[in-house]
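Protein chains in written order, with our numbering: chain Z, 1 to 123; chain H, 1001 to 1544. All C-beta atoms in this analysis are idealised placements derived from N, C-alpha and C, irrespective of residue type, glycine included. Model, not experiment: these values are computed from the prediction.
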């Protein structure tokens, strides 16, 4: 029975170590990537995504950005970033719409001058 | 209520659009509290592996509920969500493994074998490593406020959970078919069902979510997951019943109080859910009724348990008195026998034939009374739990056949034949208490001679498959089919009273207790009234 208690203590220790490692990675160092949709504008070099399942008659086009959490501005998670750009963030990557990057319910469009810079309602 | 904790307003708005927050709290918080209360109570009252495992299961479950609830509350910020999401699977696996260990120790009373410990650890290890390395989550989706999982890595825990469920099921079925002495088959079935159902509820809801949710988590199907948590009240209900019905964990007063508290907790948590005044009034009335009925129920359960304790105490006192009285009666009887023996031997002087006959009858009846007293003493010892066995390995053939020969004069005096048979030329070794076995078989032979009016008695020892079989058969009055099941009960004497035969009615009861206490099996067979009877004892063979 003593052996079983020791064994269980090992497992609990393993879980605690995993929890500690996760804490350091995600909370302390923020070593993870945030993916968010940000408004896509006319000056963009690539095609934008459009959500074909949205209830709006003309949903605003968007692009996808991937940025390390430690470098991400607060407005990214709040979806309130106006004119978000990856230019000033080293870990930031933009993904434009293409046949390779499309997922179900999305379509590729070219941004127009009438596109509103308001945050896009997402699913 | 949450405004102080909201770090990401977008996710807060998103959450309340997807699911009623009250339902989230209702499914997570009371079940977690119930689990912790139950596990803590049982662990505090018991000091064994089962109690410790139950506490671990309940703690893991409660921890998982907190982690899951925090994962739902993405408005706390992405770092918190990623942290809680990443370790949920590992905590769930720990819970599943502990559930298996608990079931094993609860049913068998022993630790799980070392190889199973190692196998369980090996199964959990990959998930632990992936969690430590951060490989189980790929990124945070700020659009849906969820973590995106590595599909291959996050499918693995489901496979392991399924393995633990199947292992628990197989274990339960095997133990039910060959139950250990310490637990009734029905109790094993209940315990196994409780564990398997709890795990299956949990597993199926999370698996369903995993199957339905596409990898980009664009559709919100996590809502189904919360229903799996109601497996915990089911688990508590099963083990609460086991505690009350089968005195599991040796807890005297538990079921009524815990069930009432649980019910009250679940009803109370509805306040997080209901919004209209009418519903709140109804919930309040329900709570008051539960309190009143619960108090009446717990009081009556306490009274009943108190009465049972009193009955048990009186029964123990009776057994002790029987022991005392039997010793006190034995002393003068022994003295009477002693003097009768002196008269019979002629030590006190010349005696005539009539005097010697009278002395012989005193000796014989004195022996009968001493046998009765010995049986009563043995019965008292059994009831007080003081029976001890001196276990050795010996040749059953030699022991039983020699014993049977001792009864030959008695059989001849009754006008009966006594056949003593041994079909095996070799020794038939068994491991048991030789003295007690002689006592039991001697009682069977004595009964056979006592009850048989004509014909004879046969005593045999033989090998039967992997067992040694001792059989005492007679050509006596036989045993009616309705009497056979009651034969080994206390004070059951078949037709002995009609035949005016002396006896206590505890010989067969003691015989069964002793034989089963030594790991053997005893039973009776008869083809019906007038067709004789057979008493059979079996022990596993011992190889030298």
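The residues 1389, 1390, 1391, 1392, 1514, 1518, in chain order, have a CB closer than 8 angstroms to that of residue 1433 of chain H in the same chain once the five nearest residues on each side in sequence are set aside.
When 9 angstroms is used as the limit between beta carbons, residue 1134 of chain H is near these residues of chain Z: 21, 22, 25, 26, 31, 32, in chain order. Shown here, residue 1150 of chain H sits in coil according to DSSP, grouped into three states, outside any helix or strand. When DSSP assignments are scanned along the region 1255-1309 of chain H, the uninterrupted stretches of alpha helix (DSSP H) that are 4 or more residues long and fall wholly within it turn out to be 1255-1268. Rounded to whole angstroms, residue 1301 of chain H and residue 1176 of chain H show a C-alpha spacing of 30 angstroms. As computed with DSSP, residue 1474 of chain H is found in a beta bridge with H:1457, H:1533. Residue 1066 of chain H and residue 1131 of chain H do not touch by the CB rule: their CB atoms are close to 17 angstroms apart, not below 8 angstroms. The three-state reading of DSSP puts residue 1161 of chain H in helix, counting H, G and I together. Under the three-state reduction of DSSP output, residue 1389 of chain H falls in the coil class, being neither helix nor strand.
With 16 or more other Cβ atoms inside 10 Å of its own Cβ, residue 1451 of chain H counts as buried. Residue 50 of chain Z sits buried, since 16 or more C-beta atoms from the chains shown fall within 10 Å of its C-beta.
Annotation: residue 11 of chain Z is outside any beta strand (DSSP E); the continuous alpha helix (DSSP H) that includes it extends over 2-22. One finds 1117 in chain H with Cβ atoms closer than 7 angstroms to the Cβ of residue 7 of chain Z, taken in chain order. By the neighbour-count definition (other C-beta atoms within 10 Å, threshold 16), residue 1443 of chain H is a buried residue. In this structure the region 1283-1294 of chain H does not touch the region 1330-1345 of chain H; the number of beta carbon pairs closer than 8 angstroms is below three. Spatial neighbours of residue 1454 of chain H in its own chain (CB-CB distance under 8 angstroms, excluding positions within 5 residues in sequence) are listed in chain order as 1415, 1416, 1475. In this structure, DSSP gives residue 1467 of chain H an extended state, which the three-state scheme calls strand.
Bounds of the alpha helix (DSSP H) holding residue 1055 of chain H are 1049-1072. With the criterion set as a beta carbon lying under 8 angstroms from some beta carbon of chain Z, the members of the region 1084-1102 of chain H are 1086, 1087, 1090, 1091, 1094, 1097, 1098, 1101, in sequence order.
Residue 1079 of chain H has a beta carbon lying within less than 8 angstroms of a beta carbon in chain Z. Each residue's CA atom was taken as its position, placing residue 1361 of chain H and residue 1355 of chain H some 10 angstroms apart. Here the alpha carbons of residue 1238 of chain H and residue 1103 of chain H stand approximately 13 angstroms from one another. Listed along chain H are 1142, each with a C-beta nearer than 9 angstroms to that of residue 76 of chain Z.
Note that the region 1138-1145 of chain H touches the region 1076-1094 of chain H; at least 3 beta-carbon pairs, one per stretch, sit closer than 8 angstroms. Rounded to whole angstroms, the gap between the alpha carbons of residue 60 of chain Z and residue 107 of chain Z is 12 angstroms.
Excluding five sequence positions before and after residue 1381 of chain H, the CB atoms of its chain that fall closer than 8 angstroms to its own CB belong to 1323, 1387, given in chain order. The beta carbon of residue 1462 of chain H sits closer than 7 angstroms to those of 1423, 1424, 1469, all from its chain and outside the five residues before and after it, given in chain order. The beta carbon of residue 71 of chain Z does not come within 8 angstroms of any beta carbon belonging to chain H, so the residue lies off that interface.
Around the beta carbon of residue 1196 of chain H, a 10 Å sphere encloses 16 or more other beta carbons of the protein chains shown; the residue is thus reported as buried. The region 81-91 of chain Z makes no contact with the region 1022-1034 of chain H; the number of CB pairs closer than 8 angstroms stays below 3.
Comparing C-alpha distances from residue 1015 of chain H to each of H:1145, H:1279, H:1529 shows the shortest one belongs to H:1145. Look at residue 30 of chain Z here: in three-state DSSP terms it is coil, with no helix or strand label. Counting C-beta pairs closer than 8 angstroms gives fewer than three between the region 89-109 of chain Z and the region 1033-1048 of chain H, which falls short of the contact rule. Between residue 1157 of chain H and residue 1092 of chain H, the gap from beta carbon to beta carbon is short of 8 angstroms.
Below the 7 angstroms Cβ cutoff, chain Z contributes 77, 78, 79 as neighbours of residue 1010 of chain H, in chain order. Our two residues, residue 1457 of chain H and residue 1471 of chain H, have alpha carbons roughly 10 angstroms apart in a direct line.
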